[in-house]
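**Q**
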């Protein structure tokens, strides 16, 4: 919430600047937030958020390497793709993004289609050819490719067909093995079209390129009569399976980092292939999971039936997960997954560069703990030491359905899912209660006095402190945005043993500076349980002592020629092929606002990216960016690591010259200070706690909120106001009439007063349906908040003691609801011109599709507060005659709307509205 407040405040400053310029230049209406100030920091138009960038494979210098994608539309335009028969028509098709080739069957059959420039295969033999083209619907078309003037083709490819007649937008390449041809050196390439069609022939060609084999190829041969690939790819629930065989093809000379033994190529029977993943599943490059009929050891990763194919779509370097697993292994973190780079082919279609990876699951070659699902006897264990393990858990804050009884919540609202035992077709209540109880005892000890539970057991009796420290460091160093907030956060408990954090998983998207370039700050000290652990000097000192080892490994990896460069070199040929078929992912995150908030560091990052903006990112530049981010992150942590050790500070609360209370505050507390119950003084209203300071010789009072962090001994003074001088509220209101929350989240719904300077009255809140949303209290600040429990609607009513009322409707939705899909319209206003007399109030009510986005806030700014003020609920107060403009935007859009406020006449109300 703190970051959001800062961001909104900074956005207000930007709005003020825009309003000033708009008034000077006479511009009134809709203008984009980023119009002028963005141009100053970001040369060139920025792509919309989430827009994929062009392939990095294209080089400014034309090398015509065999691994370069031969773009046939471009080559046709440059007259570098030609046909021998003038009767054959070739035209660029914009919708199909390719070249349409048309002619009679005889003319097509007699034609040779040629690439006029030589293609350089170099000294290393080509391994595969990938061609992207389409035959007309239900037509059989083969392409026969030739080298130079050879009479015999070196490969024949069968093109895929249109899905719908006259629509050429379907894209599905064909990948064919050509290793036996042993092509090297420079050659001219041509092809002929072979078809049995007797009438006219039409086909579309987009591109061809060649691949070299430096990493293994995983190739699936799916029998689609038992389940189609399209059905599997269209099923976000991952319940649709495909069946067939999988081949793992190992290039000559390949050596796995996990084994000294030579890995042989082989073909294996599948039990199934299906989709997996959450956000990555909705990308064009999808991740998969497959199960073999028999356990197999791939590349020294251990025998198992279950394997994962990670797509790494959102990581343009495709190295972040690999780096994380390497680091975990180097630091001795048990059961860290192993993975190897592979190219993936699915029924002759090249899909891109992937990881063949271990799945996080209980097993001898995976998470090697006792398996409570191993057999019927294990499933029925209810007593004794056997019930103590093993358990594999994931954090699951957003999981809504628990049909199998796998989810439990601790008293502090931490939600876990039991991954193993999975209770797939049974339920063991004793095992469920045991692990849920064990996690609760661990939490109780962490938060207990002297870090002990009611039985006097220390949290280290329940949880392995070394594993916790290492796990924290990997999440902290990488600034992983998914840490502790998804089921990718794993824990396991051994039989007769302690709870361990790990294994590591899912570091490809919001980690290692991929989307957030900030390298400063300890962002994970506020996370599950660690917020309290940071107050334990033993734990903090263990972290500090462990840092040099992490630092050494990280700097070793990021140096020139280090592990990152080593992995990048291994991936070099595969990544080029990958980006020939998959666009490189880039995303812009309100760069102008981030620069304002982040200051010089963000501005420096933006300046560095001006010469190579997001749209022109390449694999090589992303690798270098990752290395630099790590170096900068290590430098900041190294300078600040000692600040992790907690320090105690004394707080003295004073009221009317007397000590009201004394307290001890420990630094590194996520909650900040916890304020005492307010004192009472007859005839006066308590207005809060303040510090007293001097600046330039003048006394200053600074209001202190609950949750504030302090770094020294502090005296706080009670502030009082005579009740006779208080201004009563005439009206209360919520910021909007409708709000959207996500399930299992806690959010605030403050009310606002009219007049603006009225005393905020005590408010009672009521929910029309407490099964949907219920009033609670923020454990950190003591403020009233609302907890959403399930999907549905509830009306929240706020009532004061003197009868003022306000209400709003809260819609609770799930994280799986695609709200952004419904965002199509901009902001509209109930009034665009308002005329008021001094002392009068009116309200601006904005609307947009963004109203349906959870936690969206409207932002209001007045161009002249001496004429008209505006509050967070859109109420406008007229102060004196004149004209002012209220700018309205929200924190999810770049659009601004203006409402013209005209104030006429004299104030006849006598209302006082002075700021306090």
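In the working numbering, the protein residues as written are 31 to 946.
Quick reminder that beta carbons are idealized off the backbone N, C-alpha and C, glycines included.
According to DSSP, what are the bridge partners of residue 488?
**A** 482
**Q** Per DSSP, what are the beta-bridge partners of residue 112 in this structure?
**A** 144
**Q** Among the candidates 285, 862 and 791, whose CA atom is the shortest distance from the CA of residue 760?
**A** 791
**Q** For the region 578-595 against the region 652-668, do three or more pairs of beta-carbon atoms, one drawn from each stretch, fall closer than 8 angstroms, so that the two count as touching?
**A** Yes: at least three Cβ pairs fall under 8 angstroms.
**Q** For residue 624, count the other beta carbons within 10 Å of its own beta carbon; 16 or more makes it buried, fewer makes it exposed. Which is it?
**A** Low per-residue confidence applies at residue 624: pLDDT is 39, beneath 50, and the placement is therefore not dependable, though the value from the model is reported in the following sentence. Buried is the call here.
**Q** Whole angstroms are fine: how far does the CA of residue 600 sit from the CA of residue 838?
**A** 57 angstroms
**Q** Does DSSP put residue 738 in a helix, in a strand, or in coil?
**A** coil
**Q** Just the C-alpha distance for residue 856 and residue 869, rounded to the nearest angstrom, thanks.
**A** Going from the Cα of residue 856 to the Cα of residue 869 covers about 32 angstroms.
**Q** Going by DSSP, name the residue or residues bridged to residue 744.
**A** Partner(s): 681.
**Q** If you draw a straight line from the C-alpha of residue 572 to the C-alpha of residue 470, how long is it?
**A** 24 angstroms
**Q** Only counting runs of 4 or more residues, tell me where the alpha helix (DSSP H) segments fall wholly within the region 647-708, in order along the chain.
**A** 649-670
**Q** Does residue 469 come out as helix, strand or coil in the three-state DSSP assignment?
**A** helix
**Q** Give the range of the alpha helix (DSSP H) segment to which residue 501 is assigned.
**A** 495-507 is the extent of the alpha helix (DSSP H) around residue 501.
**Q** Would you kindly work out how many angstroms separate the C-alpha atoms of residue 614 and residue 259, rounded to a whole number?
**A** 24 angstroms
**Q** Thinking just about the alpha-carbon of each residue, which of 392, 932 and 610 is nearest to the one in residue 379?
**A** 610
**Q** Please identify the residue among 553, 602, 500 and 535 whose C-alpha is closest to the C-alpha of residue 574.
**A** Ranking 553, 602, 500 and 535 by Cα distance to residue 574 puts 500 first.
**Q** For residue 677, count the other beta carbons within 10 Å of its own beta carbon; 16 or more makes it buried, fewer makes it exposed. Which is it?
**A** exposed
**Q** What does the alpha-carbon distance come out to for the pair residue 85 and residue 607?
**A** Its pLDDT being 42, under 50, residue 85 is placed unreliably in this model, and the coordinates cannot settle the point.
**Q** Can you tell me the Cα-Cα spacing of residue 541 and residue 511, whole angstroms?
**A** 6 angstroms
**Q** Spatial neighbours of residue 302 within its chain, please: CB distance less than 8 angstroms, with the 5 preceding and 5 following residues excluded, ordered by chain position.
**A** Answer for residue 302: 271, 272, 273, 320 and 321, listed in chain order.
**Q** Opposite residue 788 in the DSSP bridges: which residues?
**A** BP columns for residue 788 are empty, so no partner.
**Q** Helix, strand or coil, according to DSSP, for residue 247 in the structure here?
**A** Note: residue 247 maps to strand in three-state DSSP.
**Q** Using a Cβ-Cβ cut-off of 7 angstroms (strictly less than) and excluding sequence neighbours within five positions of residue 872, which residues of its own chain qualify?
**A** 864, 866 and 906
**Q** Do residue 803 and residue 824 have their CB atoms nearer than 8 angstroms?
**A** yes
**Q** Helix, strand or coil: how does DSSP classify residue 27 here?
**A** Here the chain covers residues 31 to 946 and nothing more, so residue 27 does not appear.
**Q** Quick one: Cα of residue 75 to Cα of residue 100, how far?
**A** Residue placement at residue 75 cannot be trusted, given a pLDDT of 33 that sits under 50; the coordinates are not used to answer.
**Q** If you run the structure through DSSP and keep just helix, strand and coil, what is residue 767?
**A** In the structure shown, residue 767 adopts coil according to DSSP, grouped into three states.
**Q** Please confirm whether residue 653 and residue 594 have their CB atoms less than 8 angstroms apart.
**A** Closer than 8 angstroms, so yes.
**Q** Candidates 545, 780, 800 and 840: which alpha carbon is nearest residue 813's?
**A** For the options 545, 780, 800 and 840, the alpha carbon positioned closest to that of residue 813 is the one of 780.
**Q** Does the distance from the C-beta atom of residue 315 to that of residue 381 stay below 8 angstroms?
**A** Result yes, Cβ atoms of residue 315 and residue 381 sit closer than 8 angstroms.
**Q** Within the same chain, show all residues whose beta-carbon is closer than 7 angstroms to that of residue 696, passing over the 5 residues directly before and after it, in chain order.
**A** 565, 676 and 678
**Q** On the CB-based measure, 16 or more other CB atoms within 10 Å of its CB, does residue 642 come out buried or exposed?
**A** In this predicted model, residue 642 has a pLDDT of only 42, less than 50, meaning its place in the structure is not dependable; the value taken from the coordinates is given anyway. It is exposed - the Cβ of residue 642 has fewer than 16 other Cβ atoms within 10 Å.
**Q** Assess contact between the region 167-174 and the region 191-206, defined as three or more Cβ pairs (one per stretch) separated by less than 8 angstroms. Is contact present?
**A** In short, these stretches touch, since the Cβ pair count reaches three.
**Q** Please report the Cβ distance between residue 498 and residue 531, rounded to the nearest whole angstrom; I am assuming they are in contact, meaning their Cβ atoms lie under 8 angstroms.
**A** 5 angstroms
**Q** Pairs of beta-carbons, one from the region 228-236 and one from the region 351-363, closer than 8 angstroms: are there three or more?
**A** no
**Q** Given this structure, state the Cα-to-Cα distance separating residue 412 from residue 456, to the nearest angstrom.
**A** 14 angstroms
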